[in-house]
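*Asks:* Structure provided below as structure tokens; questions to follow.
In the working numbering, the protein residues as written are 1 to 143.
Here it is, written out as structure tokens:
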């Protein structure tokens, strides 16, 4: 939903802007749907750190919007998300939940070529279990 709303607004205001949707690898329903040309369900049932993004299949309305407004979809690993959560806390002084850190994870892991480009990302949500936050900080003490 958030991606559909933001991409619609950005596309209306800045039509030449590249817009990338980022998903956890285990729930990359939009990326898989883009590859197949139709909405598809994620095969796995594994949990992900990004519990707010555990959608097995894009919704009909969001998919109809996102397939026309989003340039491409990128998947990030659990480790990349943990690194982003730690980075946000240590360098940006933000407590960000894993699902809200996926865009930062894509940026930090160089999955997007942003050289010489103006870039905006959305960091959202602070609803992270303190134990998970602690693991992120321990695993990436100096991002």
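Where a beta carbon is used, it is the ideal one built from N, C-alpha and C, also for glycine.
Kindly indicate which three-state DSSP category residue 141 falls into: helix, strand or coil?
*Replies:* coil
*Asks:* Do residue 77 and residue 124 have their CB atoms nearer than 9 angstroms?
*Replies:* Against a cut-off of 9 angstroms, the Cβ pair of residue 124 and residue 77 comes out as no contact.
*Asks:* Below 8 angstroms on the Cβ atoms is my contact criterion, and I expect residue 128 with residue 80 to pass it. Report the Cβ-Cβ distance as a whole number of Å.
*Replies:* That belief does not hold up - the Cβ atoms of residue 128 and residue 80 are roughly 16 angstroms apart, past 8 angstroms.
*Asks:* Distance, Cα to Cα, residue 3 vs residue 51?
*Replies:* 16 angstroms
*Asks:* Helix or strand or just coil, what does DSSP make of residue 121?
*Replies:* Assignment of residue 121 by DSSP, reduced to helix, strand and coil, places it in the coil class.
*Asks:* Per the contact definition of three or more C-beta pairs closer than 8 angstroms, is the region 17 to 27 in contact with the region 56 to 73?
*Replies:* A contact exists between the region 56 to 73 and the region 17 to 27.
*Asks:* If you count every other CB in all the chains shown that lies within 10 Å of the CB of residue 42, and 16 or more means buried, which is it?
*Replies:* buried
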